[in-house]
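Numbering (this note's numbering), first residue to last: 1 to 231. Here is the structure we will look at, set down as structure tokens.
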């Protein structure tokens, strides 16, 4: 409202400067591609960057997808991997899972590789930032949803919208957890072997490499494997 941003952005681009666009809310809340009608009012996928800024999509060099090491959702809507037991409560407590704007408690569940695979595709993800790995410390077993069991009356190839996700049952793969603390670790090889295996399994399941790993709330508590500005 105070300047014409489009020429400013392209002036910086032509000058070779680094530009960082930050989106808000999850890919499954996208008004067109999300779990309608449980969505927000705008495009939350990477394509919304070009729509909202006038910075054409082919000028984007790298798309960093942010995902937690487990799944959460605020408010209503389908959530195939939601936990209603002590483990779900543990994730919510350790992860301080409350809505940043509304203060509502977030629903917690196991990592959903199926949903994230779709998010990787519709955002053309270059790399993932896996956050809150330390919240999983101390669990004997960690589950990853690697597929969905669809109802017999499924509508064939329609794999989006709340109706689809509300009717599926998660297919889980159990992975050994770790008892050591990962809080504050900043080097990949310092993570417990089981934590490294969990990260590799996520990469295999979603079809994208993990570029960053958050091991705590401080910005320095981060493992950087692939920096977007060093491409």
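Yeah, the Cβ is synthetic: ideal placement off N, Cα and C, and Gly gets one too.
*Who are the Cβ neighbours of residue 146 in its own chain at under 8 Å, not counting the five residues just before and after it?*
113, 114, 171, 172, 173, 205
*Kindly list the residues whose CB is nearer than 8 Å to the CB of residue 148, restricted to its own chain and excluding five residues on each side of it in sequence; keep chain order.*
80, 114, 168, 169, 170, 171
*Kindly identify the DSSP beta-bridge partner or partners of residue 98.*
105
*Apply the 10 Å Cβ neighbour rule to residue 14 and answer buried if 16 or more other Cβ atoms are within range, or exposed otherwise.*
exposed
_Here's the rule: buried if 16 or more other CB atoms are within 10 angstroms of the residue's CB, otherwise exposed. What is residue 22?_
exposed
*In whole angstroms, what is the alpha-carbon distance linking residue 177 and residue 5?*
47 Å
*Give the straight-line distance between the Cα atoms of residue 24 and residue 125, rounded to the nearest whole angstrom.*
16 Å
*When the Cα of residue 75 is compared with those of 52, 129, 100, which residue comes out closest?*
100
*Bridge partners of residue 72, per DSSP?*
108
*Spell out the partners DSSP gives residue 214 in its beta bridges.*
222
_My assumption, with CB atoms under 8 Å, is that residue 127 sits in contact with residue 64. Please give the rounded CB distance._
6 Å
_List, from N- to C-terminal side, the alpha helix (DSSP H) runs of 4 residues or more that fit wholly inside the segment 123-191._
162-166
*Just the C-alpha distance for residue 129 and residue 1, rounded to the nearest angstrom, thanks.*
32 Å
*For residue 99, decide whether its Cβ has a neighbour in chain B, counting only Cβ atoms nearer than 9 Å.*
Within the model displayed, chain B is absent; a lone protein chain is all it includes.
*Find out if the Cβ-Cβ distance for the pair residue 142, residue 136 is shorter than 9 Å.*
yes
*Buried versus exposed, by CB contacts within 10 Å (16 or more), residue 3*: exposed
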